[in-house]
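A.B. asks:
Numbering (the UniProt record's numbering), first residue to last: 1 to 249.
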């Protein structure tokens with residue numbers, strides 16, 4: 001029941017001005033309640049988005065750690081193949097002293113930009129501080145930075161408008177944190193894309209190096225097989241090695 005109906009039931013005479021004021025008051029209350037609910041939903045959505053952003057950053061950093069381990073395995077593989085090449089070089093030496101120019105195999109030459117440049121970049125990156133757990137308060141502004149007039153124009157000056165003001169301030173702070181997280185995601189994504197390109201180049205280089213080592217090992221086994229077999233003097237037909245040796249006495 002409206003206030004006007006209540007007045008009519010009690011025999012109270014209500015003027016048009018009073019009726020207009022009452023209608024405006026009711027309208028203001030409805031708008032205030034609706035706006036308050038809207039600000040509450042805004043805060044809830046921002047908090048939910050912030051939680052999703054934190055989880056996404058954690059997953060991206062875990063993925064970056066996995067890429068670092070993969071790249072480290074590529075480096076170890078390359079170092080092991082260098083040792084293998086040194087061993088093959090020693091085995092290819094003529095009489096164990098020097099390499100024969102006519103049989104010297106073609107050496108594998110890797111792109112220096114694939115390994116040296118990446119190591120230098122890694123040294124620079126490792127010297128930079130790594131972000132840990134995302135700080136959700138890093139992008140939130142202080143309350144004193146808000147204009148003294150506030151975010152809303154207060155009409156009723158009640159607790160609802162105070163809550164709306166606080167909600168809008170919280171939304172502003174949350175949006176600042178979301179912006180910082182978006183920037184961090186973009187930087188991490190660019191860094192991981194570059195690392196993926198580096199891993200692909202290293203994988204191609206290692207694959208070519210393995211093929212070159214296999215070719216050298218096959219050639220070495222083929223060339224050295226006859227010389228590694230023991231040689232015995234030829235014996236006449238029907239003679240045995242023991243008989244031939246007994247004749248030497």
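All C-beta atoms, glycine included, are put in the ideal place defined by N, C-alpha and C.
Thinking C-alpha only, which one of 87, 44, 69, 56 is nearest residue 186?
C.D. replies: Selected option, being the one with the closest Cα: 56.
A.B. asks: Please look up how many angstroms separate the CB atoms of residue 74 and residue 203, rounded, as I've assumed it's under 8 Å.
C.D. replies: The pair is a contact, with the Cβ atoms about 7 Å apart (cut-off 8 Å).
A.B. asks: Taking only the alpha-carbon atoms, compute the straight-line gap between residue 163 and residue 170 and give it to the nearest angstrom.
C.D. replies: Cα-Cα distance, rounded: 10 Å.
A.B. asks: To the nearest angstrom, how far is the alpha carbon of residue 153 from that of residue 44?
C.D. replies: So the alpha carbons of these two residues sit roughly 22 Å apart.
A.B. asks: Alpha carbon to alpha carbon, how far is residue 159 from residue 166? Give it in angstroms, no decimals.
C.D. replies: Cα to Cα, the separation comes out at about 11 Å.
A.B. asks: Classify residue 150 as helix, strand or coil using the three-state DSSP reduction.
C.D. replies: If DSSP states are grouped into helix, strand and coil, residue 150 belongs with coil.
A.B. asks: Going by C-alpha to C-alpha distance, which of 200, 31, 216 sits closest to residue 70?
C.D. replies: It is 200 whose Cα lies nearest to the Cα of residue 70.
A.B. asks: Once the 5 residues before and after residue 84 are set aside, which same chain residues still bring their CB inside 6 Å of it?
C.D. replies: Answer for residue 84: 213, listed in chain order.
A.B. asks: Give the straight-line distance between the Cα atoms of residue 90 and residue 207, rounded to the nearest whole angstrom.
C.D. replies: Distance between the alpha carbons of residue 90 and residue 207 is about 23 Å.
A.B. asks: Would you mind sorting residue 39 into buried or exposed? The rule is 16 or more other CB atoms within 10 Å of its CB.
C.D. replies: The residue in question, residue 39, is buried, as its Cβ has 16 or more Cβ neighbours within 10 Å.
A.B. asks: What's the call for residue 205, buried or exposed, on a 16-neighbour Cβ count within 10 Å?
C.D. replies: So residue 205 counts as buried.
A.B. asks: With distances taken Cα to Cα, identify the nearest neighbour of residue 194 among 64, 78, 48, 25.
C.D. replies: For the residues 64, 78, 48, 25, the minimum Cα distance to residue 194 belongs to 64.
A.B. asks: Buried or exposed for residue 27, going by 16 or more other Cβ atoms inside 10 Å?
C.D. replies: It counts as exposed.
A.B. asks: When the Cα atoms are used, what is the spatial distance from residue 254 to residue 52?
C.D. replies: Outside the shown range of the chain (1 to 249) lies residue 254, about which nothing can therefore be said.
A.B. asks: Excluding the five sequence neighbours on either side, which residues of its own chain have a C-beta within less than 7 Å of the C-beta of residue 49, listed in chain order?
C.D. replies: For residue 49, where only same-chain residues beyond five positions count, the Cβ hits under 7 Å are 178.
A.B. asks: What's the C-alpha gap between residue 156 and residue 20?
C.D. replies: Distance between the alpha carbons of residue 156 and residue 20 is about 17 Å.
A.B. asks: Please check the pair residue 60 and residue 188, which I expect to be a contact at CB under 8 Å, by giving their CB distance rounded to whole angstroms.
C.D. replies: That pair is a contact at about 5 Å.
A.B. asks: State the DSSP-derived secondary structure class of residue 158, mapped to helix, strand or coil.
C.D. replies: Here residue 158 sits in coil by DSSP.
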